[in-house]
Each structure stands twice: as structure tokens, then as C-alpha cells.
Amino acid sequence: MTRLCLRQSHVGCFSANRRGSRNIETIVRALARLKYRNVALLQLIADHVKRRSDQPRACYALLKALIDLKYVDRNVAQMASDFVCATAPFMHVNEIPELLGVLLAIHTQLPIDSSIYQAVTRVVSRNQEHADWKVVFGVKAALETVNMRDTYLDEMCKRLSVQCCTDLSTESKIELLRSCKNYPLPLVCLYDAVLSSFQKAGSGKEHAVCILAAPVNTKAFMDLISVFSDLGYVKGLCACLATIGLNATSIEGELAIKYQELLMRHFDYQDLLLAYEKTNAEVEYVEKLRARTEPAQSDASMKAEAESSADRLAIRPIQAASSAMTKHFERYLSGETLATLMDSWKRLDHICTNASPLECALGICRATSTKYVCRLVSRIIGAPCDALEPEIIPAVLRRTLTISQVEGRTPETIIKLHAHLLGLLTHRPSIQNLSMKACTSLISVLESIEHPCVEKVLPLMVECYVDRMNSSEDIMDVRRCCNESISLMGICIKRKAVDARRLAACICLHARHVELDRVQQLLSLLVELGFVKNKYTNLLEPLVEKAITLDSDMSRVLQLEEYGKHLGFVFTQEIKNEV
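Following this line, the structure appears as C-alpha cells:
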């Protein structure tokens, strides 16, 4: 990369006109895209712009560009302070989260005066009627990270927490949580408020973990776990897991499998076990220590103080708010809480282990990772052939292909699953009993799977579609079969061992049902197959003439005419004139 050596006068040349700061901002953003962090150049730019206070908005845009490059110095901190003092009273309340995010990014390297944060906070407290929930709780959390509090803001959070319990429905709370993803400020306080609104009355005294009042076998509970998992809010996931453990008898295998997959993104039983053993060791250590130093103390008080001391040891490294989001949250939980979570996990795992092959297949249809799919494969492959409904097989194949494509790899276990499932479809009744939706899904996946069983399934699919087109009395089903058969014929042509001529003849017989935008694809496949100039392809001539007449794209029209010549069509003069 070309070395950049700019003096202060050179930097000033870029800001000689009205759009000066904008020009410098463009330079900084270009450096960010190139990942070129020239500290000397950025220092010159920050020093130059700091002395130009006539364009605060432009300076703010440049400030954000410098933060994107992770560059902070005293000039940058001064630019931020000057911008807040000049424009904060006139800013809209919804602009505050982004501004606070910039200030916090600077604060991690250089301290910012508390008066700057107070000026920003006043914008929110003075515009309570326009402040969004996320703004209020986000600003509160941001102030806590710099050890500051605001009385008005605390009151707003309390009022909104009460409103969350009394006024919002379950669906509204879940939608509120969904909208929090990728928010520029931490929103743990808001998550805690929503979690408290779900808490079962009196559960805080009876259980070590918050127990939710929501039924565990409903869609709402599934959505709640899903959004907690997406947000990484492990405190809420702990509450969900404990609630599942208390209501395990009402959960079926399919639901339990999905719950376990969502929880496994953040939970690991071995981590819980290790943390539990470490906590017990700390309790025993404190008990022995107190037994030596205070032998006269009663056993009951010794045990209580030992447990509280161990809890303090466990919580000490991080604050409670951040422990709700950390990946290693299990290190900071008490022994009683860990015991509750471990017991709930065992119950959930027991349900998943005893799930039927059909429930495992349904669980795979909802899976989001190949790692969890591999846990379920053995229970499907080792099951009897009649344990799995053929209707579910295309959905399982499609889901595993999708997540493998997303992750960029296909584990050997999933390849074995594909072979097993395709083997179940090599019987004529299995294909004939598939619904139209399942057949459509199966066609879409057969093209992507490389396995010898595919060449055994395709002839059965051809026979199935031919029978349905010839025997169905429902015009809509015939039309759908006819158009889907074109895709099926394309797959058969790629597999040289499969003869698609019978399917091609059937499509020609039902040519009136072919959609006009698929005519070109049909003709190209017939030419590739060598299925030309016969009594079946002659039936396509009216369809091709209609497609040429109605198509306004000249390149497509010429292509249709070319295919038509290969098929032996002779177009009328009227058609040529219209074209």
C-alpha cells in the first residue's frame, strides 16, 4: 500500500471548502474499508478537526468514523465533549443510544467528564413521553457501566417495569425482546424487567432460580426461549430451564429436542458439573477454615456463613448484570442454583433420549446446527424401517442440506443419514403415498444429493408423476404436477442412468397446463434429451406459438424459435410478422 505522509497543511487542503469535514470523513472511512490504521495520519486529522467547531454534525460523523477505526486520543475525546455541549439539548431522544455508544467506546480508553453523561441523560429524562423502552433501559445500563445513576431515569425504569407486568401481553413482550437484537447499548435491565413479568408468584422464595408462570408446552414459551437464546441472555435461559425441569411431564419429545438445542448454544452439562464441584470445594474450604478459627460457633450458623461466603467468592469477579450475558455464567452461580439447573437438564435430556424416531426427525426439521443433528441421527438410523413416516423424509433431507450449506460442511454422520432416508424411499408405496408438498420438496433436494440411491428413487418419482397427471381429476393438481415434472425431468437428464422419455411424453400430452415462463426450459430439456420430431412434441407447437406471441423479450423469442426448429416446428407467417 502506498505510504501516506500528510502534513497538517495537507490535511487542511481537504477542508478548504464548505464540505471540508465531509471530505476528511470520506478519507477516514476509506481507510477503514482498507483496514489501514495509520495512527500518525489519524492524529493529524483529529487535531485539525478539533479546532473546527463550526460544523458539529460533520464533526460527529467524522468522530464515528474514527471510532470505527478504533482510534481514540485526547482530541477525539474533546471533539465528543464539544459536540455534546453544542448539540445535545437539540437532539432527538432516539439519537441518544448511538451517541452514548460513541461515548462509551471513548470512555474505555480515556475518561469522559460526568457532566457530559448528565447532559445526554437529561435529553431522555426531559422527553419521557417520546422515549422508547430500549432508549430508557439502554441509557440506564450505559450509565451503570461508568458508575453513574440518574434519579429520574431510575423512576422511569421502575414505571416501565410495572407497565410491562400489567399492560403488555406475552406476544408484545416477546416482540419487544426481538427488537433488542443488535441494539447499540446493553439492555440487560430491560431483559430483567421482562423476565420478572413472567415470574411465577412466590417462586423466588421457594426456588434458587426464577420460575416462570408460562406453560412450557406452548408456542409462546418456545418463542421466549428462542429469543433469549438469540440475545445470549443466559439468566433468562436459566429460568426457562428450571421451569422445564419442574414441568417435564407435560413436554413431548419433539418439543424437548428443540428446547435442548436452543439451550445447548449456551449450556453444557459438563461445565455446570465442574462449576458445581468447584463451588462445593469452596464451601468445604470455608467450613474447615471457620472450624479452626471459631470452634465455639454453632454448626448451623457456620454452614450458613460458609455458603454465603462461597456465594460471594463465586459472584466476585463480575457484576450481576454482566453475568446475565457472559458465556461462562456457570462460574458465578451458587451451588443451589447449579444443582437446580443440573437436575432440570437431566430431566430434559431423559425426555430427548427416549424420543421416538419420528420425534427426532421432527426435531431435525427445526434444527439450526449440524452438531445437534448428529446427536439425533443414531436414533433414526437404528430404528425399524416402519418407524418413520415417508412424508417427513423430504423435509429432513431439505433441512440437513440447508444447515450443511450454511456451515460450509457436511459431516459424515449426515451423509449416512441421507443414505438411510433415501433407502426408505426406494419402495413404490413410499413414493406414491407422498403428498404434493412432500414431492415438491423431494425434487428440490434430489438434485443436491450425490448417492447411488438417488438413481433408484428417480424412476419411482417419474412413475408417480406420470400416474398423477394421467389419473387426477383435479385440474390444479394436474397443472402443478405438469410444471414440477419439468424440474424432475431436468434432474433425470443429468443422471444418465435414468430414462426420462416417458415423463417427457406425458408432459407433452398435458402441454396446455405448462406455464408460459417454463416453456423455454421445457424445450431446452427436450432438445438435450433428444426427444424431438415425434407425435408428442408436435403437441407443443400451439404452446410455443403462444409463448412467442406474448413474450416481449426478443432474445427469448429467438431462443424459442431456435428450439422450435430443433423440434420440427414450422411457425406461421402471422407469428413471424407479430414478432
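Basically this note's numbering = 1-based index in the sequence shown + 27.
Note that the Cβ used here is the ideal one computed from N, Cα and C, for glycine as well.
Following the continuous alpha helix (DSSP H) through residue i, name the residue where it begins and the one where it ends.
| i | result |
| --- | --- |
| residue 255 | 246–258 |
| residue 272 | 261–273 |
| residue 482 | 481–498 |
| residue 177 | First-last for residue 177: undefined, no H or E at that position. |
| residue 225 | 215–225 |
| residue 9 | The chain is shown from 28 up to 606; residue 9 falls before or after that span and cannot be answered. |
| residue 531 | 528–536 |
| residue 429 | 420–434 |
| residue 400 | 397–408 |
| residue 517 | 502–521 |
| residue 446 | 439–451 |
| residue 593 | 581–593 |
| residue 412 | Premise fails: residue 412 is in no alpha helix (DSSP H) and is neither H nor E. |
Who are the Cβ neighbours of residue i in its own chain at under 7 angstroms, not counting the five residues just before and after it?
| i | result |
| --- | --- |
| residue 160 | 187, 203 and 217 |
| residue 548 | 513 |
| residue 91 | 129 |
| residue 371 | 268, 269, 271 and 272 |
| residue 134 | 173 |
| residue 335 | The predicted position of residue 335 is uncertain, since its pLDDT is 46 and thus under 50; a value taken from the coordinates is nonetheless stated next. There are no such residues. |
| residue 596 | 568 and 571 |
| residue 253 | 289 |
| residue 422 | 392 and 468 |
| residue 214 | 161, 164, 165, 168 and 207 |
| residue 420 | 448, 451 and 452 |
| residue 412 | 451 |
Look at the alpha carbon of residue i and the alpha carbon of residue j, and state the distance between them as a whole number of angstroms.
| i | j | result |
| --- | --- | --- |
| residue 515 | residue 489 | 8 angstroms |
| residue 445 | residue 424 | 7 angstroms |
| residue 592 | residue 281 | 56 angstroms |
| residue 415 | residue 487 | 19 angstroms |
| residue 394 | residue 428 | 11 angstroms |
| residue 594 | residue 569 | 13 angstroms |
| residue 366 | residue 303 | 7 angstroms |
| residue 441 | residue 284 | 18 angstroms |
| residue 556 | residue 521 | 10 angstroms |
| residue 249 | residue 239 | 13 angstroms |
| residue 438 | residue 430 | 11 angstroms |
| residue 524 | residue 466 | 21 angstroms |
| residue 143 | residue 224 | 34 angstroms |
| residue 500 | residue 508 | 12 angstroms |
| residue 245 | residue 197 | 12 angstroms |
| residue 607 | residue 53 | This structure cannot speak to residue 607, because the chain is shown only from 28 to 606. |
| residue 601 | residue 553 | Only weak support exists for where residue 601 lies, its pLDDT of 44 falling under 50; the coordinates are left without a value. |
| residue 68 | residue 93 | 11 angstroms |
| residue 346 | residue 451 | At residue 346 the pLDDT is 41, less than 50, meaning the model places this residue with poor confidence and gives no usable figure here. |
| residue 247 | residue 193 | 18 angstroms |
| residue 460 | residue 495 | 11 angstroms |
| residue 286 | residue 266 | 13 angstroms |
| residue 566 | residue 462 | 29 angstroms |
| residue 482 | residue 457 | 15 angstroms |
| residue 607 | residue 96 | The first residue shown for the chain is 28 and the last is 606, placing residue 607 beyond what the model contains. |
| residue 298 | residue 400 | 21 angstroms |
| residue 398 | residue 300 | 21 angstroms |
| residue 369 | residue 360 | 12 angstroms |
| residue 497 | residue 503 | 13 angstroms |
| residue 115 | residue 126 | 9 angstroms |
Below 8 angstroms CB to CB, which residues in the same chain sit around residue i once its five sequence neighbours on both sides are set aside?
| i | result |
| --- | --- |
| residue 574 | 543, 546, 547 and 587 |
| residue 470 | 488, 511, 514, 515 and 518 |
| residue 184 | 163, 164, 167, 216 and 220 |
| residue 120 | 150, 151, 154, 157, 158, 159 and 162 |
| residue 476 | 424, 428, 445 and 449 |
| residue 589 | none |
| residue 112 | 143 and 146 |
| residue 418 | 460, 461, 462 and 465 |
I'd like the list of long-range same chain contacts for residue i, defined as Cβ closer than 6 angstroms, with 5 residues on each side in sequence excluded.
| i | result |
| --- | --- |
| residue 506 | 540 |
| residue 58 | none |
| residue 389 | 281 |
| residue 292 | 256 |
| residue 331 | Here residue 331 scores only 48 on pLDDT, less than 50, and its place in the model is too uncertain to base an answer on. |
| residue 387 | 403, 406 and 407 |
Check your understanding: At what residue ranges does the segment 75–150 contain a whole run of the alpha helix (DSSP H), taking only runs of 4 or more?
Key -> Taking 4 residues as the shortest admissible run, the segment 75–150 contains the following complete alpha helix (DSSP H) segments, listed from N- to C-terminal end: 83–95, 101–114 and 123–134.
Check your understanding: Does the count of Cβ pairs from the segment 133–147 and the segment 180–192 closer than 8 angstroms reach three?
Key -> no
Review point. Three or more C-beta pairs closer than 8 angstroms, one from the segment 88–107 and one from the segment 120–137: is that the case here?
Key: With a cut-off of 8 angstroms on Cβ pairs, the segment 88–107 is in contact with the segment 120–137, counting three or more such pairs.
Exercise for review: Specify whether the segment 359–378 and the segment 394–408 touch according to this definition: at least 3 beta carbon pairs, one from each stretch, less than 8 angstroms apart.
Suggested key: Output reads no: the segment 394–408 does not touch the segment 359–378.
Exercise for review: Determine, using beta-carbon pairs with one atom in the segment 381–396 and one in the segment 265–277, whether at least three such pairs fall under 8 angstroms.
Suggested key: no
Check your understanding: Would you call the segment 517–535 and the segment 561–568 touching, i.e. three or more CB-CB distances under 8 angstroms?
Key -> yes
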